[in-house]
């Protein structure tokens, strides 16, 4: 019987062949995107090493592919299940940390970043300072009384690293209702409830009314939530408010502010809490619209890392 020819199956390397991964990497062509050519070899090596070290079977691989496909099918413009998966695996928080370190000189003197999360929505209404982001508050809501108790006034200032005011900066803010749901998760809430966009004045100041945030469990009706259960991990996020701050000539800041009194502040299911972002709300006197108050300033890094 003759031997197999050079292009016949007999010459193909076994998947455990140590040259296999190098062959896959070498298949990249000379006109490949420069950044992809830089990072794909590392991705391929880690993926292949994972498969070999785990003795991954075809059935397990197919289950993983279907899991990712399900995340994609569940994702909409109102909810990003794939991003939620990245969150519970700590990937978004890790990438956030890496990105922050790339801001030269930013780590010690600017406001720390935190993950965007899967429930950000573009197009929040622009509101004047001093406005409320609470919409459609009605006694018919089961959390109406809690909302009255949690009425909060937040104000602060945007500035540069040199503490110069940033006039005209925009601040997107969003958080959950007292039932622990963002408005796109809850048909009882008006569209864009507890979301707003504010612009700082000539002194860099901003202010708005909202609700003191509550802790909540991430959604368990999708693959990300099921994975947490299979890993015997808790689903809770500590009470927090999201901010996205933009100013011309400065790095965009995406961050969260966490309530120091929340029981889950030391056990965040998406690993986003940073000590510098933990705050204490104070009782607010003389304001019929709010029982709680918080003053919090944002310090932004300039593009290029200078003050």
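Residue numbers (my numbering): 7 to 313. The beta carbon of each residue, even a glycine, is placed where N, CA and C say it ideally should be.
So residue i is in the beta strand (DSSP E); what residue range does that whole segment cover?
{"i": "residue 205", "result": "201-205"}
{"i": "residue 259", "result": "259-265"}
{"i": "residue 299", "result": "298-301"}
{"i": "residue 238", "result": "Note, residue 238: premise wrong, no beta strand (DSSP E); not H, not E."}
{"i": "residue 177", "result": "176-180"}
{"i": "residue 306", "result": "304-306"}
Under 8 Å, do residue i and residue j count as touching if we go by C-beta distance?
{"i": "residue 167", "j": "residue 307", "result": "yes"}
{"i": "residue 276", "j": "residue 93", "result": "yes"}
{"i": "residue 244", "j": "residue 271", "result": "yes"}
{"i": "residue 207", "j": "residue 173", "result": "yes"}
{"i": "residue 304", "j": "residue 233", "result": "no"}
{"i": "residue 221", "j": "residue 184", "result": "no"}
{"i": "residue 261", "j": "residue 60", "result": "no"}
{"i": "residue 80", "j": "residue 72", "result": "no"}
{"i": "residue 89", "j": "residue 124", "result": "yes"}
{"i": "residue 121", "j": "residue 151", "result": "no"}
{"i": "residue 315", "j": "residue 161", "result": "Limits of the chain in this structure are 7 at one end and 313 at the other, which puts residue 315 out of reach."}
{"i": "residue 43", "j": "residue 34", "result": "yes"}
Output the boundary residues of the alpha helix (DSSP H) element that contains residue i.
{"i": "residue 29", "result": "26-32"}
{"i": "residue 40", "result": "40-60"}
{"i": "residue 150", "result": "150-155"}
{"i": "residue 71", "result": "64-80"}
Out of the options, point me to the one whose CA is closest to residue i's CA.
{"i": "residue 246", "options": "259, 117, 272 and 219", "result": "219"}
{"i": "residue 77", "options": "30, 66 and 91", "result": "91"}
{"i": "residue 229", "options": "36, 69, 52 and 60", "result": "69"}
{"i": "residue 256", "options": "41, 216, 266 and 176", "result": "176"}
{"i": "residue 30", "options": "148, 47, 163 and 87", "result": "47"}
{"i": "residue 53", "options": "39, 26, 72 and 35", "result": "26"}
{"i": "residue 32", "options": "50, 181 and 136", "result": "50"}
{"i": "residue 143", "options": "119, 287 and 156", "result": "156"}
{"i": "residue 250", "options": "127, 96 and 38", "result": "127"}
{"i": "residue 194", "options": "145, 66 and 239", "result": "145"}
{"i": "residue 237", "options": "165, 95, 40 and 293", "result": "95"}
{"i": "residue 209", "options": "135, 226 and 188", "result": "135"}
{"i": "residue 55", "options": "116, 132, 36 and 23", "result": "23"}
{"i": "residue 178", "options": "248, 42, 189 and 267", "result": "248"}
{"i": "residue 85", "options": "75, 98, 180 and 191", "result": "191"}
{"i": "residue 133", "options": "273, 58, 189 and 205", "result": "205"}
{"i": "residue 117", "options": "187, 169 and 268", "result": "169"}
{"i": "residue 239", "options": "287, 101, 186 and 274", "result": "274"}
{"i": "residue 203", "options": "137, 188, 165 and 115", "result": "137"}
Could you give the C-beta distance for residue i and residue j, rounded to a whole number, given that I count them as a contact under 8 Å?
{"i": "residue 224", "j": "residue 231", "result": "6 Å"}
{"i": "residue 314", "j": "residue 139", "result": "Since the displayed the chain opens at 7 and closes at 313, residue 314 lies outside it and no answer follows."}
{"i": "residue 130", "j": "residue 201", "result": "4 Å"}
{"i": "residue 299", "j": "residue 159", "result": "5 Å"}
{"i": "residue 198", "j": "residue 141", "result": "7 Å"}
{"i": "residue 297", "j": "residue 289", "result": "7 Å"}
{"i": "residue 241", "j": "residue 226", "result": "6 Å"}
Since residue i sits in a beta bridge, which residues does DSSP pair it with?
{"i": "residue 287", "result": "Answer is none; residue 287 lacks a bridge partner."}
{"i": "residue 216", "result": "158"}
{"i": "residue 243", "result": "222"}
{"i": "residue 137", "result": "214"}
{"i": "residue 98", "result": "Residue 98 pairs with nothing; no bridge assigned."}
{"i": "residue 250", "result": "178 and 260"}
Do we get a CB-CB distance below 8 Å when we pair residue i with the residues of chain B?
{"i": "residue 88", "result": "Given the protein chain composition of this structure (a single chain), no chain B is represented."}
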